[in-house]
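Visitor: In this note's numbering, the protein residues as written are 23 to 433.
(1) Once the 5 residues before and after residue 309 are set aside, which same chain residues still bring their CB inside 6 angstroms of it?
(2) By how many angstroms is the C-alpha of residue 288 removed from the C-alpha of residue 322?
(3) Are the CB atoms of residue 126 and residue 134 nearer to each other than 7 angstroms?
(4) Can you list, in chain order, the residues of its chain whose CB lies under 6 angstroms from that of residue 337, leaving out five sequence neighbours each side?
(5) Touching or not, the region 401-411 and the region 111-128, by the rule of three or more beta carbon pairs under 8 angstroms?
(6) Would the region 311-319 count as touching the region 179-195 if we require 3 or more Cβ pairs under 8 angstroms?
(7) If I follow the unbroken alpha helix (DSSP H) through residue 411, where does it start and stop?
(8) To which residues of the same chain is residue 234 closer than 6 angstroms at the C-beta, ignoring the five residues directly before and after it?
(9) So is residue 63 buried or exposed if we call it buried at 16+ other beta carbons inside 10 Å?
(10) Inspect the beta-carbon positions of residue 57 and residue 91 and report whether they are closer than 7 angstroms.
(11) Are there three or more Cβ pairs, one per stretch, closer than 8 angstroms when the region 421-430 is compared with the region 347-364?
(12) Please say whether residue 377 and residue 415 have beta carbons closer to each other than 7 angstroms?
(13) Can you list, in chain order, the residues of its chain whose CB lies under 7 angstroms from that of residue 398, leaving out five sequence neighbours each side?
(14) For the alpha helix (DSSP H) that contains residue 100, what are its first and last residues?
(15) Within 10 angstroms of its Cβ, does residue 252 collect 16 or more other Cβ (buried), or is it exposed?
(16) Classify residue 255 as buried or exposed, calling it buried when 16 or more other Cβ atoms lie within 10 Å of its own Cβ.
(17) Residue 360 to residue 367, Cα distance in whole Å?
(18) Report yes if the C-beta distance between residue 48 and residue 189 is below 7 angstroms; otherwise report no.
(19) Count the C-beta pairs between the region 378-398 and the region 322-331 that are closer than 8 angstroms, then say yes if the count reaches three, no if not.
(20) Please give the ranges of any alpha helix (DSSP H) in the region 256-305, keeping only runs that are unbroken, at least 4 residues long and fully inside the region.
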């Protein structure tokens, strides 16, 4: 055997199910398949497991899914629960709305957690055989064939997989290979993010719940504790006529961040004064699409349905994906049939959640503060939108049922 042939042989392998992407969606998928007796190999581009970004939320239905894939105790150990989100007017500090998460947990039988992303990723990784997680594998090519899919990686490795789950995020290589460029469009909205030492944030700034949202004309800002009270995560969203690049780690200017929120009420002003480092990025949308995979390839999470963050459901919908996909793979002898059934059940619900996210942004950023307040008081509007159907969903009991989506968010 010649050297080139020997190297090609040495760098080639095969598996039944390959999961491309070792972030939250990919590792959750690996746990789900493990629970249902299916082995998968995970291929992650980065040299080490790690999540970019500071925090992630898991609402009750997502927590149910995480429990069902075997990581319930691990997430409970690293999740932070607040009594609820308290919303104020950004410029007056006036109370607007309270979302009681104690009652939410009691109603739906699961808590609402916030996590540091790295902690949640570690919890998901802890239940997996590390020999099945292949780091430093950046996907460069996908070759669909009649009886398998050939994956090519930058390091020269080639993997022949019978079936592929694409969990490689918003810039999915697999999605691009299947459907070409999505031509994402800039929404005219941008995000600021900062992470503060919790001990340096006066407690009264985040009173009364430790989870505060400020809303104002064309913008909103969220601040809440993670890792108990060790850290305070700040994430904002604002309408802007400035072009902002898509990305998670563009370094921002704290003074520019502060100027984005003029005339802040005293608590918010104090919070913003503590920011010494921040990042920013633009929000881009991709059209709601049925293009979630075909044949032997299934996309999940952001690779299938990246969404705006206004409903706190990006990771949650990925966790629902993982449990329900695992159930279908257990139920169907042919994984391609499982993938098709998964899409049939998931697409209508996820599209509804995506529409909810769009709707929430419009309400949070209302220019008329009095009209916004009146709508909340009358029960005709909410900074959370109509989320009961999202949080009240039971992925364990309804994994094979047509989802119920309110008319306002249905196609």
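Yeah, the Cβ is synthetic: ideal placement off N, Cα and C, and Gly gets one too.
Guide: Result, derived from the coordinates:
(1) So the list is empty, once near-sequence residues are dropped.
(2) Cα atoms of residue 322 and residue 288: separation of roughly 42 angstroms, rounded to the nearest angstrom.
(3) If you check the CB distance, residue 126 and residue 134 come in under 7 angstroms.
(4) Around residue 337: 46, 78.
(5) These segments touch.
(6) Note that the region 311-319 touches the region 179-195; at least 3 beta-carbon pairs, one per stretch, sit closer than 8 angstroms.
(7) For residue 411, the uninterrupted alpha helix (DSSP H) run begins and ends at 410-413, by DSSP.
(8) Around residue 234, the same chain offers 108, 228, 245 as residues with beta carbons nearer than 6 angstroms, after the five sequence neighbours per side are excluded.
(9) With 16 or more Cβ atoms within 10 Å of its Cβ, residue 63 is classed as buried.
(10) Yes; because the gap between Cβ atoms is below 7 angstroms, this pair is in contact.
(11) Segments in contact, yes.
(12) Annotated as distal: residue 415 and residue 377, with beta-carbon spacing of 7 angstroms or more.
(13) Excluding positions up to five away in sequence, the list reads 118, 119, 404.
(14) Residue 100 -> alpha helix (DSSP H) spans 94-100.
(15) It is exposed - the Cβ of residue 252 has fewer than 16 other Cβ atoms within 10 Å.
(16) With 16 or more other Cβ atoms from the protein chains shown falling within 10 Å of its own Cβ, residue 255 counts as buried.
(17) Straight-line spacing of the CA atoms in residue 360 and residue 367 works out to 11 angstroms.
(18) Between residue 48 and residue 189, the C-beta spacing is below 7 angstroms.
(19) The way I'd put it, the region 378-398 does touch the region 322-331; three or more beta-carbon pairs between them come closer than 8 angstroms.
(20) Counting only runs of 4 or more, we get 276-281, 288-295.
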